[in-house]
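Reminder that position 169 of the first sequence reads as 169 in full-length UniProt numbering, one-by-one numbering, no gaps.
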Amino acid sequence: MQASGHPDDFPAQRDETASVPASHGVAAALLAWYDAHARVLPWRSRPGTPAPDPYRVWLSEVMLQQTTVAAVGPYFEKFTRTWPTVHDLAAADDAAVMAAWAGLGYYARARNLLACARAVSALGDFPDTEDGLRALPGLGAYTAAAVAAIAFGRHAVVVDANVERVVARLFAIDVPLPAARPAIRAATATITPTARAGDFAQAMMDLGATICTVKAPRCLLCPLRGACRAEAEGRAEALPVKAPKKAKPQRQGHAFWIERVDADGQAQVLVVTRPGKGMLGGMRALPDDGWSARADGHGQPPVAGTWRSAGVVRHAFTHFDLDLHLLVGAGFSPANIPGAHIPGAQWWPRSDMENAGLPTVFAKAARLALAGAHEG
DNA sequence: GAGCCGTGGTA
DNA sequence: TTACCAAGGCT
């Protein structure tokens with residue numbers, strides 16, 4: 001194959017028999033495309049301009065883990081408005097951060113976010129190397145590389161699901177995931193430029209999000225079309241190959257709605273703070289009967305009383321589906337009003353449940369309870 | 001390596 | 001409606 005040092009030669013220089021695309025041409029073509037088509041995002045600087053605040057890069061990358069740009073937007077705005085620096089976040093109360101994260105999912109991210117902010121604040125600032133970043137809580141191989149490249153201009157190989165898809169197609173890697181990961185990483189390294197590694201990473205992700213999509217990739221618009229082996233072979237959409245998924249179990253559980261009127265005449269609802277680990281760990285919630293991915297709940301209410309059904313919330317988690325049966329309690333004796341018996345319990349104003357910081361499954365249950373009350 | 005861990009959009 | 005899955009990390 002004739003080597004080419006001229007980006008202008010790309011993509012015509014592609015050799016059909018080559019095992020890999022022309023690396024120089026791929027990076028140059030992608031960066032040129034990015035300069036013209038980069039998405040404008042709140043946590044991102046324009047191509048070729050100084051890098052954004054590492055705090056904002058880090059915060060956005062953690063929020064974007066397995067989460068869409070559209071979903072992250074309002075949360076990023078809220079977090080940066082409430083806690084403008086990593087030191088502000090480090091000083092925040094755990095409950096405030098968890099409540100602010102409510103609805104975004106994968107709540108271990110919020111717990112690690114706070115731990116990371118406190119570690120960084122204690123250090124004085126973010127580490128500026130990939131290895132230094134990788135040692136922080138919540139930063140795995142992807143996020144450490146992304147922050148190193150985007151915030152600090154480091155030459156790091158950034159591989160997320162977008163990059164996996166783009167590279168699997170570009171090199172026609174048809175080994176199924178996850179076994180293909182080492183080959184994909186090695187291939188990514190061959191096309192990652194020394195200069196502008198951060199823009200390159202973001203360009204790959206933009207390409208994956210807008211052109212090289214999972215379904216119906218828009219190959220006719222792709223700046224890497226001439227270098228793409230999968231496209232040349234007419235099988236871009238078929239790559240990467242993934243192992244089949246396991247079926248999700250259907251679980252049954254109960255949540256319990258308990259109200260009181262306090263001394264000032266204010267209606268309140270009993271909420272609990274869940275244990276710091278595991279499902280919805282550290283989040284405020286309604287009392288429940290211990291349902292989990294592994295088993296149905298035991299069905300028993302936390303206190304004696306009269307319970308009536310207020311409906312069912314159907315909710316899909318990553319690894320199981322849940323029917324959450326909502327029971328509304330009444331008829332508690334004055335000596336038996338719950339609260340003291342239930343670990344982590346507190347009373348929350350009934351009129352302010354939307355600000356209780358409930359994860360979505362419990363927010364749905366709360367809306368059901370509040371709506372049901374109007375039916376009489 | 002494989003299981004666990006949320007949510008909302010899309011086809 | 002069902003199924004897939006998005007800027008993954010941790011154990």
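Built from N, CA and C at the ideal position, the CB exists for glycine as well.
query	result
In three-state terms, what does DSSP make of S292?	coil
Are three or more beta carbon pairs between the region 365-374 and the region 295-311 nearer than 8 Å?	yes
Let me know if A295 comes out buried or exposed under the rule of 16 or more other beta-carbons within 10 Å of its beta-carbon.	exposed
Distance check for C212 and G5, CA to CA, integer angstroms please.	Unreliable placement is indicated for G5, whose pLDDT of 28 sits below 50; the coordinate value is still reported in the next sentence. Answer to the nearest angstrom: the Cα atoms are 26 Å apart.
When DSSP builds the beta bridges, which residues end up paired with K242?	L177
Going straight from the alpha carbon of A119 to that of A91, what length do you get?	11 Å
Run the CB neighbour count on R235, radius 10 Å, all protein chains shown included, and call it buried at 16 or more, exposed below.	exposed
Tell me, which residues are paired with A28 by DSSP?	Note: A28 sits in no beta bridge, so no partner.
Under 8 Å Cβ to Cβ from Y107, same chain only, skipping five residues before and after it: list those, please.	M98, W101, L280, G281, G282, M283, P359
Based on the DSSP secondary-structure assignment, which residues constitute the bridge partners of F200?	DSSP, once it has assigned bridges, lists no residue as partnering F200.
Give the DSSP-derived three-state secondary structure of D53 in the structure shown.	coil
Quick test of the definition: if touching needs 3 or more C-beta pairs under 8 Å, does the region 250-260 touch the region 317-337?	yes
For A96, which three-state DSSP category applies?	helix
Taking Cβ to Cβ, would you say T194 is nearer than 9 Å to V158?	no
Classify S309 as helix, strand or coil using the three-state DSSP reduction.	strand
For a minimum of 4 consecutive residues, which ranges assigned as the alpha helix (DSSP H) are wholly contained in the region 214-272?	229-232
With V57 and I173 assumed to form a contact (beta carbons below 8 Å), what rounded beta-carbon distance in angstroms separates them?	The Cβ separation is near 29 Å, so there is no contact.
Look at the Cβ atom of V271, then the Cβ atom of F317, and state whether they are nearer than 9 Å.	no
When the Cα atoms are used, what is the spatial distance from P217 to R109?	31 Å
Secondary structure at R367, three-state DSSP: helix, strand or coil?	helix
Taking all protein chains shown into account, do 16 or more other C-beta atoms lie within 10 angstroms of the C-beta of Q202, making it buried, or fewer, making it exposed?	buried
Answer with buried or exposed for N355, where buried requires no fewer than 16 other C-beta atoms within 10 angstroms of its C-beta.	exposed
Measure the alpha-carbon distance for E237 versus A51 and round it to whole angstroms.	34 Å
Candidates S45, S121, D321, F171: which alpha carbon is nearest A247's?	D321
In angstroms, rounded to a whole number, what distance separates the CA positions of D128 and P178?	30 Å
For E130, does the count of other Cβ atoms within 10 angstroms reach 16, so buried, or fall short, so exposed?	buried
Within 10 angstroms of the Cβ of V72, are there 16 or more other Cβ atoms? Answer buried if so, exposed if not.	buried
Can you tell me the Cα-Cα spacing of K364 and M353, whole angstroms?	11 Å
Are F332 and D288 close, meaning C-beta to C-beta below 9 Å?	no
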